[in-house]
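Let me begin by presenting the structure, written as structure tokens, before commenting on it.
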Amino acid sequence: MTPKRAEHIALGLMVSGAFLALAILLFIIAVIMIKGLPHVTLRFLLDNPMDMGRAGGIFSTIVSTIYLLVVSLIIAIPLGVGTAIYLTEYTVEGKVTKIIRFGTECLAGVPSIILGLFGFILFVVKMGFSWCVLSGGISLAIMILPVIIRTSEEAIKAVPQSYRDVNEVLGGSKWQGVIRLVLPNAAPGILTGIILSVGRGIGETAVVIFTLGTSLRTPFSIFDSGRSMAVHFYILAQEGISMKNAYATAAVLVFSILIINIFSYYMMHRFVKGRT
Amino acid sequence: MPATAADIRKKEKIIQRVFLIIAFSSLFSLFLIALFIFIEGFPMIMKVGLKDFLLSTRWSPTRGHYGIFAMIVSSFWVTIGALLFGGPLGLMCSIFLVEFASARWRAIIKPALELLAGIPSVVYGFLGVVYLVPLVRDYLGGPGLSLLTSCIILGIMILPTVISISVDALVAVPNSYREAAFSLGGTRWQTTYMVTVHAAKSGIITALVLGMGRAVGETMAVIMISGNALKIPTSILDPIRTMTSNIALEMGYASGMHRQALFATGIVLFFFVMALNTIATLFARRKAIK
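Line order of the protein sequences matches chains E and L. Mapping to my numbering: the first sequence position 7 is 206, numbers consecutive. Mapping to my numbering: the second sequence position 210 is 215, numbers consecutive.
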């Protein structure tokens with residue numbers, strides 16, 4: 200085989216691989232949207248599920264999902280951004296940073312079912328919270344923590360060193376530099392990471408089903424149980440309760456994830472552009 | 006009263022302490038997770054015996070049999086299978102993106118492929134059941150819910166992991182390597198497989214190993230498409246039940262010894278994943294040393 204021929208064949212293979220992957224993505228989005236969106240009406244979004252989800256809408260699951268995400272973000276943002284600030288501003292590379300980074304990588308690799316087991320035994324059983332927004336929120340916070348740490352660290356690192364130098368020359372303390380210069384300038388990048396982790400949290404099922412529970416009531420206090428959209432979709436589909444409502448729920452899920460991802464991509468683009 | 010320099014220094018010290026404590030939150034979480042899974046699961050392994058737990062295929066918690074060998078084998082095969090589907094496809098995508106694609110195509114394809122990571126695993130599982138399972142059942146036989154369908158769906162699900170890390174590895178290869186190969190008369194493909202892929206080898210291995218880590222831990226999609234039969238698969242068309250799906254399926258109603266056995270399965274899974282993570286870190290470090 201001549202090198203030229205090999206080149207053509209290889210290129211053909213690589214291109215078809217990339218387009219196959221792209222086709223799979225488009226197929227998933229298209230199927231869910233085409234089969235689901237026609238059933239997504241205002242009433243579907245604003246009615247509570249009735250008869251186990253056979254009828255009615257998904258209002259209580261939307262509330263549960265948002266509630267759960269807000270609680271987990273309240274926990275994960277200070278910890279994640281704080282870790283990133285420590286790693287970049289308050290220490291030098293060494294043994295401690297290496298250990299923290301390795302721990303973060305490992306945490307990112309922990310399967311969601313293990314996180315679910317952990318959240319269930321510690322928060323639901325041992326601490327007696329039972330299935331509730333708080334149990335689910337803490338467990339989900341642990342899941343998104345590595346994402347927030349990693350993206351915040353990159354965003355903070357991208358802030359030019361000269362900013363910090365100027366702060367020092369002007370007699371500002373390190374803390375003042377972090378609060379007034381580093382964080383505001385890294386904010387778009389940090390926000391991108393937060394949005395990305397919201398996208399991951401929306402679709403999570405294994406962690407949520409064992410910690411938030413599956414109650415269809417609208418949660419009010421953080422000690423109420425609830426059912427996220429992803430869990431609702433899983434139960435509708437797996438138990439064959441209603442294909443129509445399963446597709447509609449999936450469409451809402453996938454649509455929000457699409458919007459979130461596109462938005463965070465746009466944010467990151469602007470952030471990167473602003474830097475160069 | 007204005008703050009003195011000593012005051013500020015003292016305040017800075019406290020702030021640094023606070024951040025140090027926060028920085029250990031992820032490590033502390035990891036420790037707690039390991040601790041509680043162990044506390045719940047380990048006594049049960051001691052009671053049943055490690056050999057009967059790991060190497061027996063009899064799992065019937067109501068009769069006091071807690072052997073998870075069939076699930077370990079199933080998890081193993083599904084991980085290998087996912088790698089066989091997702092590995093080559095992911096590498097093809099990354100090589101195309103880094104070595105062949107124009108900047109414009111890259112700007113479209115890369116974020117699109119990252120979107121694959123955002124699709125919830127329940128959606129993958131559901132579409133697998135609706136579209137892939139009937140195809141396998143009608144054309145290849147068997148119940149359709151099988152090892153094969155699980156491998157294909159998981160192969161797709163690990164794509165974003167494989168692609169993002171191997172793209173980073175390929176991008177990190179200095180351009181001078183490629184220029185040297187071109188100047189020796191190499192074609193683009195010769196340069197790619199003889200020089201670039203070779204130089205990015207440890208990063209690519211890291212990508213594949215982390216992809217395996219994702220596959221072995223995936224739960225919801227596998228529950229939906231694997232058929233959940235409790236036996237060692239003898240063909241790729243057999244239904245399977247992995248460690249993860251067994252935990253999720255039975256956790257809802259398990260209690261006592263049964264629940265402990267599920268946590269013990271979690272320990273085994275935890276070991277698998279940590280081993281894969283450590284291997285990945287070692288390969289990533291080798292690259293860094295070079």
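Beta carbons: idealized from backbone N, C-alpha and C, even for Gly. Note that the coordinates shown come from a computational prediction; the quantities given were computed from them, not determined experimentally.
With distances taken from CA atoms, which of the options is nearest residue i?
i, options, result
"tyrosine 465 of chain E", "L/Asp173, L/Pro165, L/Ala117", "L/Ala117"
"lysine 115 of chain L", "L/Val53, L/Ser171, L/Leu88, L/Ser151", "L/Ser171"
"glycine 412 of chain E", "E/Arg426, E/Met232, E/Val346", "E/Arg426"
"valine 200 of chain L", "L/Thr192, L/Ile252, L/Thr211, L/Arg183", "L/Arg183"
"phenylalanine 277 of chain L", "L/Gly46, L/Met217, L/Met229", "L/Met217"
"isoleucine 124 of chain L", "E/Pro345, E/Gly216, E/Ile274, E/Phe226", "E/Phe226"
"alanine 405 of chain E", "L/Arg14, L/Phe74, L/Ser126", "L/Ser126"
"proline 244 of chain L", "L/Ala259, L/Leu32, L/Ile228, L/Met162", "L/Ile228"
"valine 230 of chain E", "E/Leu390, E/Arg469, E/Ile284, E/Ala449", "E/Ala449"
"isoleucine 223 of chain E", "L/Gly95, L/Ala39, L/Phe33, L/Tyr71", "L/Gly95"
"leucine 306 of chain E", "E/Glu438, E/Val270, E/Arg349", "E/Arg349"
"methionine 76 of chain L", "L/Phe24, L/Ala186, L/Val221, L/Phe47", "L/Val221"
"proline 202 of chain E", "L/Tyr144, L/Cys156, L/Trp194", "L/Trp194"
"tyrosine 285 of chain E", "L/Ser260, L/Tyr144, L/Leu25, L/Gly54", "L/Leu25"
"glutamate 255 of chain L", "L/Leu59, L/Ile44, L/Tyr71", "L/Tyr71"
"leucine 59 of chain L", "L/Leu102, L/Gly271, L/Phe90", "L/Gly271"
"isoleucine 352 of chain E", "E/Glu304, E/Val365, E/Thr287", "It is glutamate, not isoleucine, that sits at residue 352 of chain E in the sequence shown. Out of E/Glu304, E/Val365, E/Thr287, E/Thr287 has the C-alpha closest to the C-alpha of glutamate 352 of chain E."
"lysine 236 of chain L", "L/Val178, L/Ile73, L/Phe41", "L/Ile73"
"alanine 205 of chain L", "L/Ser188, L/Met225, L/Pro179, L/Gly190", "L/Pro179"
"leucine 221 of chain E", "L/Phe101, L/Ile252, L/Thr224, L/Met248", "L/Phe101"
Just confirm the distance between the C-beta atoms of residue i and residue j, as a whole number of angstroms; I'd bet it's less than 8 Å.
i, j, result
"alanine 285 of chain L", "leucine 215 of chain L", "5 Å"
"serine 30 of chain L", "threonine 282 of chain E", "6 Å"
"isoleucine 168 of chain L", "serine 99 of chain L", "5 Å"
"isoleucine 456 of chain E", "isoleucine 408 of chain E", "Going by Cβ atoms, the distance from isoleucine 456 of chain E to isoleucine 408 of chain E rounds to 18 Å, so no, they are not a contact pair."
"proline 93 of chain L", "leucine 121 of chain L", "Actually they are not in contact, since the Cβ atoms of proline 93 of chain L and leucine 121 of chain L sit about 16 Å apart, beyond 8 Å."
"isoleucine 276 of chain E", "isoleucine 393 of chain E", "6 Å"
"serine 151 of chain L", "valine 135 of chain L", "Going by Cβ atoms, the distance from serine 151 of chain L to valine 135 of chain L rounds to 15 Å, so no, they are not a contact pair."
"serine 162 of chain E", "phenylalanine 322 of chain E", "The structure shown does not extend to residue 162 of chain E, since chain E is modelled only from 200 to 475, so the question has no answer here."
"alanine 447 of chain E", "glycine 235 of chain E", "5 Å"
"leucine 242 of chain L", "glycine 146 of chain L", "6 Å"
Determine which residues share a DSSP beta bridge with residue i and list them.
i, result
"tyrosine 71 of chain L", "L/Trp64"
"methionine 249 of chain E", "E/Ala254"
"isoleucine 245 of chain L", "L/Gly232"
Can you list the residues of chain E that residue i reaches, using a CB-CB cut of under 7 Å?
i, result
"isoleucine 13 of chain L", "Ser372"
"cysteine 98 of chain L", "Gly216, Ala217, Ala220"
"proline 48 of chain L", "The contacting residues do not exist; proline 48 of chain L stays about 13 Å from chain E at best."
"glycine 271 of chain L", "Ile313, Leu316"
"phenylalanine 275 of chain L", "Ile313"
"threonine 201 of chain L", "Those do not exist, as threonine 201 of chain L stays about 12 Å from chain E at its closest Cβ, beyond 7 Å."
What residues of chain L sit near residue i, judged by a beta carbon separation below 7 Å?
i, result
"asparagine 460 of chain E", "Leu120, Gly123"
"glutamine 437 of chain E", "Met229"
"valine 230 of chain E", "Leu132"
"methionine 251 of chain E", "The contacting residues do not exist; methionine 251 of chain E stays about 16 Å from chain L at best."
"alanine 405 of chain E", "Thr224, Met225, Ala253"
"proline 418 of chain E", "Near proline 418 of chain E there are no residues of chain L at all, since even the closest Cβ is about 20 Å away, more than 7 Å."
"leucine 212 of chain E", "Met97"
"tyrosine 285 of chain E", "Phe24, Leu25, Ile27, Ala28"
Using a cut-off of 9 Å between C-beta atoms, extract the partners of residue i located in chain E.
i, result
"glycine 218 of chain L", "Gly308, Pro310"
Can you tell me where the alpha helix (DSSP H) holding residue i begins and where it ends?
i, result
"serine 483 of chain E", "The structure shown does not extend to residue 483 of chain E, since chain E is modelled only from 200 through 475, so no value can be given for it."
"serine 181 of chain L", "180–188"
"tyrosine 433 of chain E", "428–437"
"phenylalanine 41 of chain L", "30–53"
"histidine 238 of chain E", "No alpha helix (DSSP H) contains histidine 238 of chain E, which DSSP labels as neither H nor E."
"valine 128 of chain L", "126–132"
"proline 165 of chain L", "164–176"
"alanine 357 of chain E", "Where alanine 357 of chain E is concerned, there is no enclosing alpha helix (DSSP H), given that its DSSP letter is neither H nor E."
"aspartate 143 of chain L", "138–145"
"proline 383 of chain E", "382–402"
"threonine 296 of chain E", "294–308"
Output, in chain order, the set of chain E residues within a Cβ distance shorter than 8 Å of residue i.
i, result
"proline 244 of chain L", "The contacting residues do not exist; proline 244 of chain L stays about 15 Å from chain E at best."
"asparagine 282 of chain L", "Glu304, Cys305, Gly308"
"phenylalanine 268 of chain L", "Leu316, Ile320"
"tryptophan 194 of chain L", "Pro202, Ala205, Glu206, Ala209, Leu210"
"alanine 212 of chain L", "Residues of chain E passing the Cβ test: none, with the nearest at roughly 13 Å."
I want to verify the contact list: residues of chain L whose CB lies under 8 Å from the CB of residue i, in sequence order.
i, result
"phenylalanine 317 of chain E", "Leu37, Ile38, Phe41, Ile42"
"phenylalanine 301 of chain E", "Thr286"
"threonine 410 of chain E", "Chain L residues near threonine 410 of chain E: none, gap ~11 Å exceeds 8 Å."
With a threshold of 8 Å between beta carbons, is residue i in contact with chain B?
i, result
"serine 126 of chain L", "You won't find chain B in this structure, because its protein chains are E and L."
Run through chain L and tell me which residues come within less than 9 Å of residue i, C-beta to C-beta.
i, result
"tyrosine 289 of chain E", "Ile20, Gln21, Phe24, Leu25, Ala28"
"phenylalanine 432 of chain E", "Pro125, Val127, Val128, Phe131"
"proline 345 of chain E", "Ser31"
"threonine 282 of chain E", "Phe24, Ile27, Ala28, Phe29, Ser30, Ser31"
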